[in-house]
Structures are given as structure tokens and as C-alpha cells.
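In the working numbering, the protein residues as written are 961 to 1427. Where is the CB? At the ideal position from N, CA and C, for every residue including glycine.
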Ligand SMILES: [Zn+2]
């Protein structure tokens, strides 16, 4: 698209013509002014069928709306198209002389379309109205939310944030599926010894289970899958979250409120007075929260939480650096899960790819250090076939479809506890963990690549090479 320059500007910046959108509005009964509910269902003509795949039709409609400077349509189609492509975020970014629309799909940003700068103020106003933000405030960041309904009738939560940039306001809309089903642990990609160790920890009456990894590595989903497995009438599960992302029936979920000093640590202390069996605290950010988690574990509770570290072993260093005495860790910590998400290569169009000798050498070295047994089918190790992404209609020409987790699960045992107490180095602890059946993120990724589920490119995008 290069229709940047001489676009006429027949757009009304006033928000009035919103109602004129010739698009089906969600069948919402309540006439009262709640958050505006938009049905990004495009009145697609029935004739879309055979010629082009529907996503291309949607893109064409989006481009038509841009050419016609039909702002309400542009916003609705942009959201609808993002939902079709299973995007997690919509980025609308004013650049120097055009505005760019991108979607994050399976963790990676994809260019969608560009539109002329003169349309941007009206687009921003339209989105601000949808999400109850102040239209006339353009100098400070704002955040709000809106509900949207997909054409399948699913309720989605749209978190909208604006940021003033030198070229105008940038908008990011984060799409969350509130009715998302919680997958079971094996379908997340956790298998073999890692799954066995996790299940053993989940069966323990008390102890701390930590899930670590960068933002967007799927920690929340894994924790919900664990809690969902433990969610029975006989146990009281309390969660302290920031924010509550998915509501699970049977859990008591509480959201922290930093403005009024309702912190994780405060939530943990309150949870302990609520006769809990299992507590999940969103994140251990400080010593106070860590101390309370340890106290909860030592008084007979199973505690789940997250950290932001690169590997399972690094979590131990982080907690010690927070000021936690090693003897407290050895008596409370049960299991650490480090995780990443990789995109799954499209099974319909993937093709076998050649691997450089250096790469093959590296892979062989990593796999030779794999001590856990039964992690991979022996015949897959003999031939060593890898795949690359191509792109077809099935995967919207991306080559990937959906994501799967790589898991590094460290189960505490006496050898690791002794090393921690004796101030052992992280290398020593890593070696002991490997001997005890820990599979590193790199090894877990290579296994998934050999099984044809992902590509080496994806694995090394998220996992470190071993030294
Ligand atoms: Zn494909």
C-alpha cells in the first residue's frame, strides 16, 4: 500500500457518524450505557466462498474502507480481521508520513496495512469512544477496555492503551478471550520426565512451585492448567493476581490494586487467614512476598507463583539475591518450571530443511547431555530430520499455526538441596538437575523440532544455545 499522499480527507473527525456503521451490532439487551459492545462482524456477502480465502477478502474490505475513508468500518474490520487471524494484539502506529497497522500472531508481529495520516485522528477518536477514553486528551497515555463479540458469538475483552508519540497517538489493543478453555498439561507440550515431575509436585501437600520465563511465555496458562487439575470441592484455592486473566469456576480469585496498596504480599497474608489449601500469587517481586510464600509453604500449603528469570536454576540465584536464606529455599521449594512458547510449524505445508554441519554438531552436543530417558523416539535421533516453514492457505501464508510450550522442569532433590546449603555454584546445581532428569529448554526445543512440531529457527529464537 502506498496510498499515502494525495488522499482527500472526507472524514469527519467528529464522532457522531459512528451509528451509521452498516454493521451488525451485537444483540445486547441492556440499553444502559455500559462499555460499548461492538460486533466486529462484517456483513460479508454470501458470495465470498470459492475464489479467495476469507482472510484475503477481509483484507480487501479493510483496504476498501481505507480508500473510502470509512472510519467506523476500518476499525470494525481491523478488529474482526485480527480475531480471524487469532491475533493477541493490534498495533496502530503513526509513523512520519503514514500509519501502520500490525497484528501480533503467535507471538510475532505481522504487517497488515498502512493508511494515510489524515485518517488517524478519527480512528483514534473512534477507538477511544469504544473503550471509554477521553477523546480530547492526547498528551498523556490512557488505558481502557471494551467488549467485542466474535462472529461465533464469543465474548472477547479488548484492553486498549494509547501512548502519545511524536507522530501522534499510538494505540495497542490487547485481545483476551475470556471464555478460553484451560488446556490440560500434556496438551501444553509438557511431556515425559518433566510431566512426571510436575505431577509429583502437584500431588505434594505443601511446597512452592515456581513458573519462570519472560512476559508472554505462557506462564499464566500453565499455572491455570495446574490449578484446574487441583480444583476439587475438597480444597480451597485462593489466587492473588494482577490482573485476573481467566476466571475459573471454583477458585477464589482476587486482583491486587497497587494504587490503594493492595499488593501481592498483602494479598498473601490475607489469603492465609482464609483457610486455604492452595494459594497462587501472581508474581514474587520482592522479599516480602517471597517470605510470605515460604511461610505459607512451611505451614502446610501448596503455593504457586512466577518469577522473571531465564532458566530454572537462575530462579534459585534470584531468590537468594532477594535476600532469602538458602536453608529456607531447601525446606520450601518443590519444583521450578522455566518455559517458552514456540510457534508450531504448519503441518500442511512444512518442508524438510537442510541443517549446516555446525548446527548439527551443536544439536548433537545438546542432545548428548540429555540424561532424562524416553524423551524422544530413538528412530528420530538416528535420521535427524528437521523442517522449515513455508506458508499455505491453511496457515494464512505464515507457515506457522498455533504455539506449543518448551519446558525445563527442575525438581528439588537431596543433592540439589545439599548444593544449595553448601553455597554450590549454579553450574554444579545445573549438572545435578540434569542428572536428576531435567530437560533444558534447548533440548526440549530440539525434541519438538525432531518430532516435526516446530522448526530449529523457532527453537533458537526463544532458547539459548548451550555453551
Ligand atoms: Zn501452511
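Selection around ligand 1 by beta-carbon proximity, strictly under 7 Å to any non-hydrogen atom, yields 1306, 1308, 1309, 1350, 1351, 1352, 1354, 1355, 1359, 1361 in chain order.
For residue 1115, the closest of 1069, 1135, 1380 by C-alpha to C-alpha distance is 1135.
By the beta-carbon neighbour count (other beta carbons within 10 angstroms, threshold 16), residue 1314 is exposed. Distance check between residue 1321 and each of 1333, 1425, 1247 places 1425 closest, using alpha-carbon atoms only. With the rule of 3 Cβ pairs closer than 8 Å, the region 1350-1359 does not count as touching the region 1238-1254. Per the coordinates, the alpha-carbon of residue 1400 lies some 28 Å from the alpha-carbon of residue 1201. In the three-state DSSP reduction, residue 1319 falls in the helix class (H, G or I).
Where residue 1157 is concerned, the enclosing alpha helix (DSSP H) starts and stops at 1152-1162.
Taking every protein chain shown into account, the CB of residue 1096 has fewer than 16 other CB atoms within 10 angstroms, so this residue is exposed. In the structure shown, residue 1336 adopts coil according to DSSP, grouped into three states. As a beta-bridge residue in DSSP terms, residue 1123 pairs with 1130. Burial check for residue 1175: the Cβ neighbour count within 10 Å stays below 16, so the residue is exposed.
Around the beta carbon of residue 1103, a 10 Å sphere encloses fewer than 16 other beta carbons of the protein chains shown; the residue is thus reported as exposed.
Apart from the 5 residues on each side of it in sequence, residue 1263 sits with its Cβ closer than 6 Å to the Cβ of 1168, 1239, 1253, 1256, 1257 in its chain, given in chain order. DSSP places residue 1116 within a strand segment (E or B) once states are collapsed to three. Taking all protein chains in view, the Cβ of residue 1374 is surrounded by fewer than 16 other Cβ atoms within 10 Å, so the residue is classified as exposed.
In the DSSP annotation of this structure, the continuous segment of the alpha helix (DSSP H) that includes residue 1421 starts and ends at 1416-1422. Burial of residue 1018 is indicated by the presence of at least 16 other C-beta atoms within 10 angstroms of its C-beta. Shortest Cα-Cα distance from residue 1298 to any of 1094, 1155, 1141 involves 1155.
Under a 10 Å Cβ-count criterion, residue 1220 is classified as exposed, with fewer than 16 other Cβ atoms of the shown protein chains found around its own Cβ. Per DSSP, residue 1290 is one residue of the alpha helix (DSSP H) stretching across 1286-1292. Going by DSSP, residue 1359 is part of no alpha helix (DSSP H) at all; its letter is neither H nor E. DSSP places residue 1274 inside the alpha helix (DSSP H), whose first and last residues are 1272-1281. Counting other Cβ atoms within 10 Å of its Cβ, residue 1317 stays below 16 and is therefore classed as exposed.
The beta carbons of residue 1157 and residue 1369 sit about 5 Å from each other, so the pair counts as a contact at 8 Å.
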